[in-house]
Amino acid sequence: MRLLHTSDWHLGKRLDDFSRLEEQQAVLQEIVEIAEQEQVDAVLVAGDLFDTFNPPTEAVEIFYRSLKRLSDNGRRPVIVIAGNHDSPDRIEAPDPLARECGIVFAGYPNSSVVPFELESGLKVVQSSEGFLELKLPGAEVALRLLLTPYANEYRLKACLGAENSEEALRDVLEQKWKALADQFCDSAGVNILASHQFMVPRGAELPEEPADEKPILHVGGAQAIYTDNIPPQIQYTALGHLHRMHRVGDHPGPVYYSGSPLSYSFGEANQKKYVLLVDVQPGNAAEVREMELTKGKRLLRKRAQGMEEALAWLSDNPNALVELTLVTDTFLTALERRQLNAAHAGIVAIIPEVTHADRLSTHPQKQIDLTQSMEDLFRDYFQHEKGQAPNDDIMQLFTEILAQEEE
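Residue numbers (my numbering): 720 to 1126.
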């Protein structure tokens, strides 16, 4: 059986003023093509489907269109769980229609899938809270899935029926997963865990959560889950939340974050993005293959020494989204900003780094001559604070503001 693991689509997310919808549509089309070319039997989407609880209409359209194409008219099941950016109710709302396309939604840790069977041969063999068993078209063995969408610690304990409110969340999850695995997951089928949680090996250093991400590890959120909380029957664990693809561990089978299909902040600059292809047979640990995604724009950071270096580098990297730090002796003029933006359409931020900044606090105090004009007073103030005289653009702006105040 071959599975495709993806997560953290964050549809509708912007990068400052830059819409990413066109890139998102392109990279999801790339994922669909990989699923078709690699003859994938099922697709796992491990949460953070949208960037907000109320995503824009265009993002919702891309989402449903992509899922329908991934499902191949019900011949390839697509199993989707909610992440911490998603509204569980919104995710589950289209479930009756989605089932007709072979798409399964789980918004809560205790969600239970209504049994169904399609003409394609896809069938829900059995279902329980947080568990699903599927018979796939053309497959000789069953696919068993433990599904744990994101919820904060209080909701997780409420959904999982924890009697002791002080009990550690990881212990509650371990007990729930063990009970489901013992009941449903023998060595005759393929056994998978899909979850949107923060998971690490016990005793390991915690990795950083993505920049601009809603953190899971905080008061009112949830604690880290350990890989040794996973039941021994599980052959692969598909995780969502962290945006960098990486292997968390190997106990009891491979545990992976697939990462996001696009870089969504400059903390992810120069990261490669992937989907994971998971080949698994009953009774054996899964084999994982990383498939790089190429349709998204790279996010690059550049520190340039002056305009000449900046313009040359921008010319060499026309298809990236850029955070540019410009080292300069003087403050950046409006003309220079226009030159940079004209040279590259993907500049997200320009950060001037003025080399005289260390002199700002070294100027001796002097007596202020209040008989001067407002313009001269401003020039003196600017010279004192910045270590240089204001240029014509700054003076023109000051004059316009002064005129507005006088009106």
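Just so it is clear, CB atoms sit at the ideal spot from N, CA and C, and this is done for glycine as well.
Determine contact between the segment 1019-1028 and the segment 992-1003, defined as no fewer than three beta-carbon pairs at a distance below 8 Å. no
Give every residue of the same chain whose Cβ lies closer than 8 Å to the Cβ of E852, excluding the five residues on either side of it in the sequence, and list them in chain order. V843, V844, Q845, S846, A861, L862, R863, L864, F903, G908
Quick one: measure Cβ to Cβ for T725 and P980, integer angstroms, because I've assumed they're closer than 8 Å. Contact annotation, T725 with P980: C-beta distance approximately 7 Å; criterion of less than 8 Å satisfied.
Ignore the nearest five residues each way along the sequence and tell me which others in P926's own chain have a CB closer than 7 Å to its CB. If the five residues before and after P926 are omitted, its C-beta is found closer than 7 Å to the C-beta atoms of L961, all from its own chain and listed in chain order.
Hey, how far is the Cα of L1096 from the Cα of F1050? Cα atoms of L1096 and F1050: separation of roughly 20 Å, rounded to the nearest angstrom.
Looking at the structure shown, is N989 part of a helix, part of a strand, or coil, going by DSSP? coil
Here's the rule I'm using: 16 or more other beta-carbon atoms within 10 Å means buried, otherwise exposed. How should D969 be labelled? exposed
Enclosing alpha helix (DSSP H) for I781 [first to last residue]: Start and end: 776-790.
Quick check on K732: does DSSP put it in helix, strand or coil? coil
Got a sec, what are the start and stop residues for the beta strand (DSSP E) F850 sits in? 850-854
Spell out the partners DSSP gives G697 in its beta bridges. Because the chain in this structure spans residues 720 to 1126, residue 697 falls outside the shown range and cannot be described.
Of the residues A1031, D1048, N1038, the one placed nearest L1059, counting alpha carbons only: A1031
Which whole-angstrom value is the C-beta distance of M964 and G978, which I expect to be below 8 Å? 3 Å
R863 lies in the alpha helix (DSSP H); which residues open and close that run? Taken as a continuous stretch (DSSP letters only), R863 belongs to no alpha helix (DSSP H), being part of the beta strand (DSSP E) at 861-867.
Work out the CA separation of V1073 and R1098 for me, nearest whole Å. 18 Å
Under 8 Å Cβ to Cβ from G939, same chain only, skipping five residues before and after it: list those, please. For G939, the predicted model reports a pLDDT of 45, less than 50, meaning its position is unreliable and no value from the coordinates is stated.
Just how far apart, CA to CA, sit S1080 and S982? Reliability fails at S1080, whose pLDDT of 49 lies under 50, so the model's placement of it is uncertain and the value that follows must be treated cautiously. For S1080 and S982, the distance between alpha carbons rounds to 39 Å.
Buried or exposed, going by whether 16 or more other CB atoms sit within 10 Å of the CB of L879? Result: buried.
Selected residue, minimal CA-CA separation from E893, among A801, I753, I944, Q954: I944
Mapping DSSP to helix, strand and coil, what is R712? Residue coverage of the chain in this structure runs from 720 to 1126, which leaves residue 712 outside it and unanswerable.
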